[in-house]
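In what follows, a structure is listed as C-alpha coordinates, so that the remarks can point back to it.
Numbering (my numbering), first residue to last: 151 to 313.
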(Lines of atoms letter the chains of each structure in order from A; the text may use other names.)
(Lines give C-alpha, C1' and ligand atoms only; values in the text may rest on other atoms or scores of the structure.)
Protein backbone atom coordinates (compact mmCIF):
# COMPACT_ATOMS: atom_id res chain seq x y z
CA UNK A 151 0.00 0.00 0.00
CA UNK A 152 2.84 2.39 0.88
CA UNK A 153 4.44 1.59 -2.47
CA UNK A 154 1.31 2.60 -4.38
CA UNK A 155 0.77 5.76 -2.30
CA UNK A 156 4.11 7.25 -3.33
CA UNK A 157 3.27 6.93 -7.01
CA UNK A 158 -0.38 7.93 -6.88
CA UNK A 159 0.42 11.24 -5.17
CA UNK A 160 2.68 12.53 -8.02
CA UNK A 161 0.11 11.40 -10.58
CA UNK A 162 -2.62 13.32 -8.78
CA UNK A 163 -0.41 16.39 -8.55
CA UNK A 164 0.16 16.25 -12.30
CA UNK A 165 -3.60 16.37 -12.87
CA UNK A 166 -4.00 19.47 -10.70
CA UNK A 167 -2.08 21.72 -13.07
CA UNK A 168 -2.45 25.46 -13.55
CA UNK A 169 -0.91 28.05 -15.86
CA UNK A 170 2.20 29.75 -14.55
CA UNK A 171 2.83 33.45 -14.88
CA UNK A 172 5.59 34.95 -16.94
CA UNK A 173 7.04 32.40 -19.30
CA UNK A 174 3.90 30.49 -20.40
CA UNK A 175 5.23 27.24 -18.93
CA UNK A 176 2.38 25.23 -17.40
CA UNK A 177 3.16 24.10 -13.88
CA UNK A 178 1.31 22.69 -10.94
CA UNK A 179 -0.22 25.48 -8.86
CA UNK A 180 1.69 24.65 -5.66
CA UNK A 181 5.48 24.58 -5.37
CA UNK A 182 7.18 21.19 -5.33
CA UNK A 183 6.99 19.65 -1.84
CA UNK A 184 10.70 18.80 -2.01
CA UNK A 185 12.53 22.08 -2.59
CA UNK A 186 15.93 20.75 -1.48
CA UNK A 187 16.95 17.83 -3.69
CA UNK A 188 20.45 16.69 -4.50
CA UNK A 189 21.93 14.51 -7.21
CA UNK A 190 23.07 11.83 -4.70
CA UNK A 191 21.42 10.17 -1.74
CA UNK A 192 21.34 6.71 -0.13
CA UNK A 193 24.11 5.51 -2.45
CA UNK A 194 22.21 6.51 -5.61
CA UNK A 195 23.47 9.16 -8.02
CA UNK A 196 21.77 10.85 -10.98
CA UNK A 197 23.80 12.78 -13.54
CA UNK A 198 23.24 14.29 -16.98
CA UNK A 199 25.74 14.75 -19.80
CA UNK A 200 25.30 18.55 -20.07
CA UNK A 201 24.14 21.33 -17.77
CA UNK A 202 23.02 23.70 -20.54
CA UNK A 203 20.54 23.11 -23.38
CA UNK A 204 18.97 25.22 -26.11
CA UNK A 205 15.25 25.97 -25.83
CA UNK A 206 12.95 23.43 -27.39
CA UNK A 207 12.74 19.70 -26.73
CA UNK A 208 16.18 18.54 -25.60
CA UNK A 209 17.21 14.93 -25.16
CA UNK A 210 18.86 14.17 -21.83
CA UNK A 211 21.59 11.54 -21.60
CA UNK A 212 21.30 10.40 -17.99
CA UNK A 213 23.43 8.13 -15.84
CA UNK A 214 22.01 6.31 -12.83
CA UNK A 215 24.59 4.87 -10.43
CA UNK A 216 23.91 2.59 -7.47
CA UNK A 217 26.80 2.56 -5.00
CA UNK A 218 24.63 1.18 -2.19
CA UNK A 219 24.19 -2.42 -1.04
CA UNK A 220 20.49 -2.40 -1.98
CA UNK A 221 18.65 -2.86 -5.28
CA UNK A 222 16.23 -0.05 -6.13
CA UNK A 223 13.29 0.01 -8.48
CA UNK A 224 13.05 2.75 -11.12
CA UNK A 225 11.46 3.37 -14.51
CA UNK A 226 11.78 5.44 -17.67
CA UNK A 227 9.78 8.38 -16.29
CA UNK A 228 11.42 11.65 -15.29
CA UNK A 229 9.71 14.88 -14.42
CA UNK A 230 10.98 18.41 -14.87
CA UNK A 231 10.75 21.32 -12.48
CA UNK A 232 11.26 25.00 -13.22
CA UNK A 233 12.60 27.63 -10.82
CA UNK A 234 10.07 30.47 -10.40
CA UNK A 235 10.34 33.14 -7.72
CA UNK A 236 13.07 31.10 -5.98
CA UNK A 237 10.85 28.01 -5.71
CA UNK A 238 10.70 24.82 -7.77
CA UNK A 239 7.44 24.00 -9.60
CA UNK A 240 6.69 20.77 -11.47
CA UNK A 241 5.98 21.21 -15.18
CA UNK A 242 2.55 19.89 -16.10
CA UNK A 243 1.92 17.54 -18.98
CA UNK A 244 -0.97 15.47 -20.27
CA UNK A 245 -1.61 12.07 -18.72
CA UNK A 246 -2.13 10.87 -22.29
CA UNK A 247 1.65 10.30 -22.53
CA UNK A 248 1.24 7.27 -20.25
CA UNK A 249 -1.38 5.74 -22.58
CA UNK A 250 0.76 6.31 -25.67
CA UNK A 251 3.87 4.95 -23.93
CA UNK A 252 2.96 2.14 -21.50
CA UNK A 253 6.64 1.58 -20.65
CA UNK A 254 6.89 5.21 -19.46
CA UNK A 255 6.51 4.53 -15.72
CA UNK A 256 8.22 5.26 -12.40
CA UNK A 257 8.72 1.55 -11.75
CA UNK A 258 9.38 -1.76 -13.45
CA UNK A 259 13.17 -1.99 -13.57
CA UNK A 260 15.81 -2.76 -10.96
CA UNK A 261 19.21 -1.18 -10.56
CA UNK A 262 21.37 -3.61 -8.60
CA UNK A 263 24.20 -2.62 -6.24
CA UNK A 264 27.39 -1.49 -8.01
CA UNK A 265 25.55 -1.01 -11.32
CA UNK A 266 25.44 1.95 -13.70
CA UNK A 267 22.51 2.51 -16.06
CA UNK A 268 22.39 4.94 -19.00
CA UNK A 269 19.06 6.29 -20.20
CA UNK A 270 17.80 8.75 -22.79
CA UNK A 271 14.91 11.02 -21.89
CA UNK A 272 13.37 13.26 -24.53
CA UNK A 273 11.18 16.15 -23.40
CA UNK A 274 9.18 15.51 -26.57
CA UNK A 275 7.63 12.40 -25.00
CA UNK A 276 5.82 14.57 -22.42
CA UNK A 277 4.88 17.19 -25.02
CA UNK A 278 6.65 20.10 -23.33
CA UNK A 279 8.79 22.73 -25.04
CA UNK A 280 11.35 24.22 -22.67
CA UNK A 281 11.79 28.00 -22.68
CA UNK A 282 14.90 29.78 -21.36
CA UNK A 283 15.18 29.39 -17.60
CA UNK A 284 16.51 27.32 -14.71
CA UNK A 285 15.24 23.75 -14.41
CA UNK A 286 15.96 20.46 -12.73
CA UNK A 287 15.44 16.89 -13.95
CA UNK A 288 13.89 14.73 -11.22
CA UNK A 289 14.04 10.94 -10.84
CA UNK A 290 12.37 8.71 -8.24
CA UNK A 291 13.62 5.35 -6.95
CA UNK A 292 11.80 2.90 -4.69
CA UNK A 293 13.32 0.48 -2.21
CA UNK A 294 11.15 -2.50 -3.19
CA UNK A 295 11.33 -4.43 0.11
CA UNK A 296 10.33 -3.45 3.64
CA UNK A 297 10.94 -0.96 5.00
CA UNK A 298 9.79 0.75 1.78
CA UNK A 299 10.92 4.27 1.00
CA UNK A 300 11.38 6.54 -1.98
CA UNK A 301 14.63 8.27 -2.91
CA UNK A 302 14.15 11.36 -5.08
CA UNK A 303 17.13 12.86 -6.89
CA UNK A 304 17.44 15.97 -9.06
CA UNK A 305 20.05 17.56 -11.29
CA UNK A 306 19.85 21.24 -12.26
CA UNK A 307 20.23 22.50 -15.82
CA UNK A 308 19.79 25.73 -17.74
CA UNK A 309 17.88 26.33 -20.95
CA UNK A 310 19.14 29.19 -23.12
CA UNK A 311 17.66 30.93 -26.14
CA UNK A 312 18.18 29.13 -29.45
CA UNK A 313 18.82 32.45 -31.22
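Glycine included, every Cβ here is placed at the ideal spot set by N, Cα and C.
For residue 272, count neighbouring C-beta atoms within 10 Å of its own C-beta (all shown protein chains included) and say buried if the count is 16 or more, exposed if not.
-> exposed
Nearest to residue 286 by CA position, among 312, 238 and 249, is which residue?
-> 238
DSSP three-state assignment for residue 273, whether helix, strand or coil = helix
For residue 226, which of helix, strand or coil comes out of DSSP?
-> coil
Got a sec, what are the start and stop residues for the alpha helix (DSSP H) residue 250 sits in?
-> 246 to 250
Sort out for me which residues DSSP pairs residue 298 with in a bridge.
-> Partner(s): none; residue 298 has no beta bridge.
Other residues of its chain near residue 294: CB distance less than 8 Å, five sequence neighbours each side excluded = 153, 221, 222, 223 and 260
Residue 190 (DSSP reduced to helix, strand or coil) = strand
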